[in-house]
Structure formats: C-alpha cells, structure tokens
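Student: Pasting a structure here, questions to come.
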Amino acid sequence: MASLSERLIGGPASTLSSLAGPRSGVGVIDRSLTSEGSAVSANGTAAGSGAASMRRRAAATPVVDRRPRSFTPRRIEVEPLSPVEQLKVDLHRRLVERLDLEALERIEDPTVLSAQIRNAVAEFLRTEATPLTQAEREDVIEQIVYEVTGLGPIEPFFRDPTISDILVNGPRDIYIERRGKLSRVPVSFRNDAHLMAIIDRIVSRVGRRVDESSPMVDARLPDGSRVNAIIPPLALDGPILSIRRFGAELPLSALVENGTLTQEMVDLLSACVQARLNIMISGGTGSGKTTLLNALSVYIPATERVVTIEDAAELRLQQEHVCRLETRPPNAEGTGQVVARDLVRNALRMRPDRIIVGEVRGAEALDMLQAMNTGHEGSLTTVHANSPRDALSRVETMIQFASTTLPLRAIREQIASALEVVIQIARMADGSRRVVSISEITSMEGDVISMQEIFRYRRRGITEAGDVVGDFEATGVRPLFMERLHVAGIDLPGTMFLPE
Ligand SMILES: Nc1ncnc2c1ncn2[C@@H]1O[C@H](COP(=O)(O)OP(=O)(O)OP(=O)(O)O)[C@@H](O)[C@H]1O
Ligand SMILES: [Mg+2]
-2 MASLSERLIG GPASTLSSLA GPRSGVGVID RSLTSEGSAV SANGTAAGSG
48 AASMRRRAAA TPVVDRRPRS FTPRRIEVEP LSPVEQLKVD LHRRLVERLD
98 LEALERIEDP TVLSAQIRNA VAEFLRTEAT PLTQAEREDV IEQIVYEVTG
148 LGPIEPFFRD PTISDILVNG PRDIYIERRG KLSRVPVSFR NDAHLMAIID
198 RIVSRVGRRV DESSPMVDAR LPDGSRVNAI IPPLALDGPI LSIRRFGAEL
248 PLSALVENGT LTQEMVDLLS ACVQARLNIM ISGGTGSGKT TLLNALSVYI
298 PATERVVTIE DAAELRLQQE HVCRLETRPP NAEGTGQVVA RDLVRNALRM
348 RPDRIIVGEV RGAEALDMLQ AMNTGHEGSL TTVHANSPRD ALSRVETMIQ
398 FASTTLPLRA IREQIASALE VVIQIARMAD GSRRVVSISE ITSMEGDVIS
448 MQEIFRYRRR GITEAGDVVG DFEATGVRPL FMERLHVAGI DLPGTMFLPE
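Take the sequence shown: its letters are residues -2 to 497, numbered as in the working numbering.
Right under this line is the structure:
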C-alpha cells in the first residue's frame, strides 16, 4: 500500500482526501479566483449570491486549504508541430492568401479542381526558397483542396480517425480531443469570415442554415458526426463550431481491455440483455453511454425485431432485423418537426420486439416506460445523469413534463416497475472511461424507489502522470433478477458477486 501512495501526487496518504474532489472538503472559496472575476464555487457552480454566502460561511469556519501554495490550474497543452508540419502550415497560409479561392470554388469537377490547384502550387513553390519533397508537395496540394472543398484548416483533423472531437472557439482557438485528452492545435482560420464560410459550407450541405436570424444550428454530417455551430451575437468571441465525431466502434472486449469494466461485469450485463431486462445507461456528456449501448446490443438475439429511435443515428446494431428511425428538427419555416415521442408511439405500431431509444431527453420517457411495462421488455436507453439516483430523478422530471396529471407516486411506480438495471458510466480526469456502478432497481419503499448496487468502481487516487487509480469491486449483493436470468437459461456463478 505504501508504494501506491508513493505513486500518487502528494505522497503521504493523508493528502489523498484532498484529491477526491470538492465534496470531501469544506466549501473553500479561493479568493484569488473570485478577484479575477472567473469565480467558481467549490461545488463547481458559478458563483453568484451563493458564493457570497459561502464566503461568509468560509469566514466563520476555520478552513485549512490543503492545496500546495504554488497551485496553478493545469493548462491544456498545445500539440507541438514538427518543423516540416510547421513549414506546411506557413506555406499553406501564404498560398491561400494568394489564391483566388472563390474562383476555385466555382469549379465543380474534382479532377479539374485538383489539376488547377496543382498548377498554382507548382507555380508558387517555384518562387519559394524552401524545397519540398514530392510527398510534402502532395500534402500541401491536398490541404488546398480541403480549403476549397472541405473544412479548411480543420479538415486534416476531421480525417484523422484517432481524433474524436474538434472544437473551434473563434478563428484562432482550436482544440481537438484524441484518446480522451483535449489539446490545443496550432492552426487557425484567417478570420471570423473564413470560419463562418466553412460553417456555412458544413451546414448548408445538410440542408440547414446559420445566420443572424437563426444563430444556432445542430446538424449531422454524412459520416454520422454531430455538428453544432453558434455564432455572434449569441457567441461573444466569434463563431463557435463543435464537431463531435461518431465514436470508434469499441466492442465489449475492447472495453474490458482498456479498463472500462471487468469481464464479470460484461458477463452480468450481457446476461441482462439476453434475458430482456430493461436497462438504462447513465452518464455525463461524452462519457461513453452510446458506445456501451452499441457494444451491449450484440447480445440481442438475431431473431428479434428491433426498432431504434435516435436524434442523430449513431447506433450500429449488428443484427439484420433493425428498423432505424431518426427525429427531425423543424425546417426554416418552423414546421415539420418530428420528436422522439412521435417515433416511440409509431414504433409501438411496428410490432417491435425491442425498442432502443438512443437517449431519453423529454416526453418520450413516458411512452417508453409505458411500453416497457406493457410487454416490450428488453429495452435499452441512455440518459444524461451523474448517478443512478440522478438518472431516476431525470426520468421522473421528463415524465412530469409529458403528463402534468400523473401523481408523483404513480410516476415512481411506473419507473420502478419498468426499469431493472441502471449502469453508470463516467469519464475520469485522465480521459479514461469507467463503469462506476451497476445497480438494480428493486421496488418501492414508501414513496422512494429502492435500488441496490451490485458492482462499483472505487477510485483510489491519481498517479503523478495523471492516471486515475482504482478498483472495480462486487458489493456482495446478489441481484434479485438472478431468477429472471435463470428462467432465461442463464446461470451465473454466485461467487462473482462476492467482494474480494
Ligand atoms: N469506454 C471507452 N473507452 C475509451 N473511449 C471511449 C469509451 N467510450 C466512449 N469512448 C469515446 O468517447 C467518445 C464519446 O463516446 P460516446 O458518444 O459513446 O459518449 P456519450 O456518453 O454517448 O456522449 P453524448 O453525451 O454526446 O451522448 C467517443 O469518441 C468514443 O469513441
Ligand atoms: Mg450518446
């Protein structure tokens, strides 16, 4: 154990509690932060009048700030460019400044276009002192083609399958996420207008538009990536473009390998899917909910008819018999919208064996739960929530939106009898994902839905390299649904639920 604490920042075990996050400590307001006007209270909420009261409390309670004196928030690193890459970036910028991009954009035939660009680049390089190899020259040409037909300076990131998110905060601040880690990249758009032109190109291709009268847009690219753009006056520092890529396919074996969950947890969850238990995967943004749902779906027997309902079709079910439905936003005139609830209702008339709702966000929760309670078991869905308990209260709120007349107790009974398993997945500080809890919903106790945890992840600390350290553990609880698994012909060894 001593060696573990040595591997952790701060050395002595007594400092570990200070790493466990704000909840473990007393609310401390760092005055240096508040004085800079970027005040964030200790529990992560923006500091307003609440912060003032916390400051009063902080003044009344003697508080020890255990952070080292020289504490500085960790900055997002800039991804370094090799000298050749830097050269290409410079060359590209100067070339773009000289080319008549508008004239090039009018050329529709891609072979003519690339020939024209090739000539222009050759011409330009003749006057340049820097020699380029043939491969580098091809690269520069390719980048200009991107400029004219694609996403401009961010196209290379878009083509790189190891990059999951591309986040553009105005023309000069561009971030990428690669393998769970965010870094800043040294490329930029020329100005707001250049960035706007690329945003316009992206959204107009999928039949959407963005301008001052509709300054926010959500769209999906043909490859499934999700795009959001928000522009001034709503975005204060220039247009913001967020591209969230369609995640790489990660089967359960890969998730076990990268430490997202253990083989025992996979055995349990796959049994639950086969035995048609209703499962909800809960987690924060980008925590891996959809990826886990996709991975678990392989256990749906090929003999079943599955209907999937999503806002942006991301699921890639391997079964043959799948009907994929997608919601539709309103058109420019504000009509024609089709929401998830409409699709769930329609799905019920399609003789589904299972209904999979990619993510429950609103009124569809009621219809989905009713479906689960009326013979459409084996449903899988995800929800944006921070704990299994939070997931239930989210669903509760969604149902209250859908039906103002249902009493709270009835709503909770509906939830308790429909849902059987809640899987909580989280994105750790080091970018890795962990299934932090698998819980069973057992029944109602009074007005409260009762749950019991079967597996959990216990975080122990963080290494000097920033890696999160922890263990998965069985809680010792043998789930009540074991009987359901048995009836479905699946018998799991009872020993897997014993704590180590
Ligand atoms: N277990 C995992 N290990 C490593 N990377 C993962 C894991 N799960 C997901 N990812 C990656 O994280 C990104 C987000 O994953 P995913 O879309 O599944 O998250 P999500 O929780 O559904 O996000 P959203 O809140 O946007 O719906 C993807 O790029 C995906 O490849
Ligand atoms: Mg998702």
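C-beta atoms are modelled at their ideal positions from N, C-alpha and C, and glycine is treated no differently.
Counting only the same chain and skipping the five closest in sequence on each side, list residues whose C-beta sits under 6 Å from that of methionine 479.
Tutor: One-based indexing of the sequence shown puts residue 479 at position 482. Around methionine 479: no qualifying Cβ.
Student: Taking valine 474 as the reference, which of Leu233, Thr439 and Arg456 has the closest Cα?
Tutor: Counting from 1 along the sequence shown, the entry for residue 474 is found at position 477. Nearest option by C-alpha distance: Thr439.
Student: What ranges does the alpha helix (DSSP H) occupy inside the segment 323 to 409, keeping only unbroken runs of at least 4 residues that lie completely in it?
Tutor: You should have 337 to 345, 361 to 370 and 385 to 399.
Student: What runs of the alpha helix (DSSP H), each 4 residues or longer, lie entirely inside the segment 186 to 224?
Tutor: 189 to 202
Student: What residue range is occupied by the uninterrupted alpha helix (DSSP H) comprising alanine 112?
Tutor: Along the sequence shown, one-based indexing puts residue 112 at 115. Boundaries of the alpha helix (DSSP H) around alanine 112: 107 to 123.
Student: Assign serine 284 to one of three DSSP states: helix, strand, or coil.
Tutor: Position 287 of the sequence shown, counting from 1, holds the residue named residue 284. The answer is coil: DSSP assigns serine 284 none of H, G, I, E or B.
Student: Alpha carbon to alpha carbon, what distance is there between glutamate 120 and alanine 190?
Tutor: Translated into positions along the sequence shown, residue 190 becomes position 193. Translated into positions along the sequence shown, residue 120 becomes position 123. Straight-line Cα distance between these residues: approximately 27 Å.
Student: Along the chain, where does the alpha helix (DSSP H) containing glutamate 301 start, and where does it finish?
Tutor: One-based indexing of the sequence shown puts residue 301 at position 304. No alpha helix (DSSP H) holds glutamate 301; DSSP gives it neither H nor E.
Student: Does the Cβ of glycine 167 have 16 or more other Cβ atoms within 10 Å, making it buried, or fewer, making it exposed?
Tutor: The count along the sequence shown starts at 1 and reaches residue 167 at position 170. When all chains shown are included, glycine 167 counts as buried.
Student: Report the residue from Asp106, Gly372, Asn370 and Asp468 whose alpha carbon sits nearest the alpha carbon of valine 145.
Tutor: One-based indexing of the sequence shown puts residue 145 at position 148. Checked all of Asp106, Gly372, Asn370 and Asp468; the closest Cα to valine 145 is Asp106.
Student: Any chance the CB of glycine 355 is under 8 Å from a heavy atom of ligand 2?
Tutor: Here the question's residue 355 lines up with position 358 in the sequence shown. Yes - ligand 2 has a heavy atom lying nearer than 8 Å to the Cβ of glycine 355.
Student: Name the DSSP beta bridge partners of cysteine 320, please?
Tutor: By one-based count along the sequence shown, residue 320 stands at place 323. Beta-bridge partners of cysteine 320 (DSSP): Val304.
Student: For a test of the three-state rule: what should DSSP assign to arginine 91, helix, strand or coil?
Tutor: Walking along the sequence shown from the start, residue 91 turns up at place 94. DSSP places arginine 91 in helix when its eight states are reduced to three.
Student: Quick check: is any heavy atom of ligand 1 less than 8 Å from the C-beta of aspartate 106?
Tutor: Position 109 of the sequence shown holds residue 106. Checking every heavy atom of ligand 1 against the Cβ of aspartate 106, none is found closer than 8 Å.
Student: What's the gap between the Cα of valine 500 and the Cα of serine 180?
Tutor: Since the first residue of the chain shown is -2 and the last is 497, residue 500 is not available in this structure.
Student: With 16 as the cutoff for other CB atoms within 10 Å, does threonine 42 come out buried or exposed?
Tutor: Counting from one through the sequence shown, the residue named residue 42 turns up at place 45. Any reading at threonine 42 is ruled out, since the residue's pLDDT is 37, under 50, leaving its predicted position unreliable.
Student: Could you check where the beta strand (DSSP E) with serine 250 kicks off and where it finishes?
Tutor: For the purposes of this step, residue 250 is taken as residue 253 along the sequence shown, with counting starting at 1. First-last for serine 250: 249 to 254, but that is the alpha helix (DSSP H), not the beta strand (DSSP E).
Student: Taking C-beta to C-beta, are arginine 273 and arginine 348 nearer than 9 Å?
Tutor: Residue numbering aside, residue 273 sits at position 276 when the sequence shown is read from its first letter. Residue numbering aside, residue 348 sits at position 351 when the sequence shown is read from its first letter. Contact flag unset, no.
Student: With DSSP run on the structure shown, which of helix, strand or coil describes aspartate 162?
Tutor: For the purposes of this step, residue 162 is identified with residue 165 of the sequence shown, where counting begins at 1. Aspartate 162: strand per DSSP, three-state reduction.
Student: Should arginine 91 go down as buried or exposed, given a rule of 16 or more other Cβ atoms within 10 Å for buried?
Tutor: Within the sequence shown, the letter at position 94 stands for residue 91. Arginine 91 comes out exposed.
Student: Can you tell me where the beta strand (DSSP E) with arginine 424 in it begins and where it stops?
Tutor: What you label residue 424 is simply residue 427 of the sequence shown in a count that begins at 1. Counting along the chain, the beta strand (DSSP E) containing arginine 424 begins and ends at 418 to 424.
Student: Contact defined as beta carbons within less than 8 Å: I believe isoleucine 227 pairs with leucine 148. What is the distance between those atoms, to the nearest angstrom?
Tutor: Taking the sequence shown and counting its residues from 1, the one referred to as residue 227 is at position 230. Taking the sequence shown and counting its residues from 1, the one referred to as residue 148 is at position 151. So it is not a contact: roughly 17 Å between Cβ atoms.
Student: Buried or exposed, going by whether 16 or more other CB atoms sit within 10 Å of the CB of histidine 483?
Tutor: Within the sequence shown, the letter at position 486 stands for residue 483. It counts as exposed.
Student: Does alanine 415 come out as helix, strand or coil in the three-state DSSP assignment?
Tutor: Along the sequence shown, read from residue 1 onward, the residue named residue 415 stands at position 418. Three-state DSSP puts alanine 415 in a helix.
Student: On the CB-based measure, 16 or more other CB atoms within 10 Å of its CB, does proline 248 come out buried or exposed?
Tutor: Within the sequence shown, numbered from 1, the residue matching residue 248 stands at position 251. Proline 248 should be labelled exposed.
Student: Tell me the rounded alpha-carbon separation between glutamine 271 and proline 298.
Tutor: Position 274 of the sequence shown, counted from the first residue, corresponds to residue 271. Position 301 of the sequence shown, counted from the first residue, corresponds to residue 298. C-alpha separation (whole angstroms): 7 Å.
Student: Flag this pair as yes or no: are the beta carbons of arginine 223 and serine 161 separated by less than 9 Å?
Tutor: Within the sequence shown, residue 223 is the residue found at index 226, counting from 1. Within the sequence shown, residue 161 is the residue found at index 164, counting from 1. Contact flag unset, no.
Student: Would DSSP call leucine 238 helix, strand or coil?
Tutor: Here residue 238 refers to the residue found at position 241 when the sequence shown is read from its first residue. Leucine 238 falls in the strand class under three-state DSSP.
Student: What does a CB cutoff of less than 8 Å around aspartate 364 pick up in its chain, not counting 5 residues either side in sequence?
Tutor: On the sequence shown, position 367 is the one that residue 364 refers to. Excluding positions up to five away in sequence, the list reads Arg338, Val341, Arg342, Leu345 and Ala399.
Student: Could you pull the start and end residues of the alpha helix (DSSP H) that threonine 146 belongs to?
Tutor: Mapped onto the sequence shown, residue 146 falls at position 149. Taken as a continuous stretch (DSSP letters only), the alpha helix (DSSP H) holding threonine 146 covers 131 to 146.
Student: Quick one: using the 10 Å Cβ neighbour count with 16 as the cut-off for buried, is aspartate 308 buried or exposed?
Tutor: Counted from its first residue, the sequence shown places residue 308 at position 311. With 16 or more Cβ atoms within 10 Å of its Cβ, aspartate 308 is classed as buried.
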